[in-house]
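Heads up: the sequence shown begins at 289 in my numbering, then just goes up one per residue.
These notes are about the structure you will find just below.
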Amino acid sequence: MITFVGAGPGAEDLITVRGQRLLKNADIVVYAGSLVNPGLLDLCREDCRIYNSAKMTLEEVMEVMTAGERAGKNIVRLHTGDPCLYGAIREQMDELDKECIPYDVCPGVSSFCGAAAALNAEYTLPGVSQSVVITRMAGRTPVPERESIRSFAAHQATMVIFLSTGMLQELSAELISGGYRKDAPAAIVYKATWPEEKVLRCTVGTLAETAERENVTKTALIVVGDILDSEYERSKLYDPSFTTGFRKASSDGGGDVR
C-alpha cells in the first residue's frame, strides 16, 4: 500500500497518530527533504529504505514507489504540512491511477495552522473576516491572473501567503494595489512550530524591511489582515442572548445557529 502522509508543520510531535504509525510500519519512505523535519525519520525501522525527494524528479519518485508496491512493500510518501496544499500530489496520484495502484492519504497539520498558533490568532474573527485566502505570489511557477494577490486583496479577507518570502517588495506593492493600507497589520512567521520559529509582526508596507532586518529569506508564511490587530464582534455561538440547537437564549434577541 502507498500512503501519502502529512508530516505536519515542523515540530516532530505535530504529526498525526496515524501518520506516526504509518512511518513506524513503512518499508520505504520517500520524504520531501527540503521541508520535512528529518527528526521524523527516527520513527522508521532500521531496515526502512529512505529516499529524499528534494533530489529526485517525479519520474524517479514514481519508479521507487511503483517498484516498491509491486514488491509488496508498505510505502509512505511523506509531505510537509498537509499534502493537499502545494504538495504536487495530484500528478503522483494520476500516475498511480494509470498503473492501477491503490493509495491512501493521511492528512496532516498545515503550516498555516501552525502560523496561527504562533501568532495566537484566529483567522475568522466575527465582524472582521470570515474567509481565509491561501495563496502565493507568481514567480518561476505562474499563478492564474484571476488569482493574483491584487485581486484577492480587494476582498480584505485574511490572507495567508506561501512561497513568497523572496518577493516581499513585490508582494507589498500587490497588496497595496489591491486595496490594503500600507499600515494594515501583517506578520512573517518563520518555520512555524520548529525550535527556531520566529514571529515578526509588521505592516503590509514594511514586510520586506522586516524580513531583511531579521535575515529571513525563505521557509516563512506571510499573514495579512485586520484579524491581527482589530476590534471584533463577540461570537453569537456563546452569546447568552442567542439561541442555538443546544441552548436556549436567556434573554430576548438573536437568531438561531446550528
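We treat Cβ as the ideally placed atom computed from N, Cα and C, and that holds for glycine.
Just tell me which of the options has its CA closest to the CA of residue i.
{"i": "R428", "options": "D471, S452, L328, A405", "result": "S452"}
{"i": "I377", "options": "A320, R438, A508, Y468", "result": "A320"}
{"i": "L407", "options": "T532, A475, G533, L328", "result": "A475"}
{"i": "L516", "options": "V352, Y411, Y478", "result": "Y411"}
{"i": "L329", "options": "A299, M381, P432", "result": "A299"}
{"i": "L302", "options": "T481, Y520, F450", "result": "T481"}
{"i": "V324", "options": "E348, T498, C336, N340", "result": "N340"}
{"i": "E484", "options": "T498, L495, V504", "result": "V504"}
{"i": "F400", "options": "R535, T423, A461, R365", "result": "T423"}
{"i": "A403", "options": "E351, T532, G360, I449", "result": "I449"}
Within this structure, are the beta carbons of residue i and residue j separated by less than 8 angstroms?
{"i": "G396", "j": "V293", "result": "yes"}
{"i": "L463", "j": "V492", "result": "yes"}
{"i": "A508", "j": "V477", "result": "yes"}
{"i": "E502", "j": "L525", "result": "no"}
{"i": "G454", "j": "K386", "result": "no"}
Once you ignore the five residues that flank residue i on each side, which residues in its own chain have a CB closer than 8 angstroms to its CB?
{"i": "R522", "result": "P414"}
{"i": "M357", "result": "Position check: residue 357 holds Glu in this sequence, whereas Met was assumed. Cβ neighbours of E357 beyond the five flanking positions: M289, I290, I363, I389."}
{"i": "C332", "result": "L311, K312, A314, V317, I338"}
{"i": "S419", "result": "T412, H443, A445, T446"}
Can you find the residues in the same chain that come closer than 7 angstroms, C-beta to C-beta, to residue i, ignoring five residues on each side of it along the sequence?
{"i": "G467", "result": "A441, A442, Q444"}
{"i": "Q308", "result": "L331"}
{"i": "K470", "result": "I464, T491, V492, G493"}
{"i": "S398", "result": "P297, G369, D370, L373"}
Near residue i, which residues of its chain fall below 6 angstroms by C-beta distance, leaving aside the five closest residues on each side in sequence?
{"i": "V421", "result": "F440, A445, M447"}
{"i": "P473", "result": "L516, D517"}
Mind pulling the alpha helix (DSSP H) runs of 4 or more residues that sit fully within the stretch 328-377?
346-358
Quick one: which unbroken beta strand (DSSP E) runs of 3-plus residues sit fully inside the stretch 406-450? Chain order, please.
420-424, 446-450
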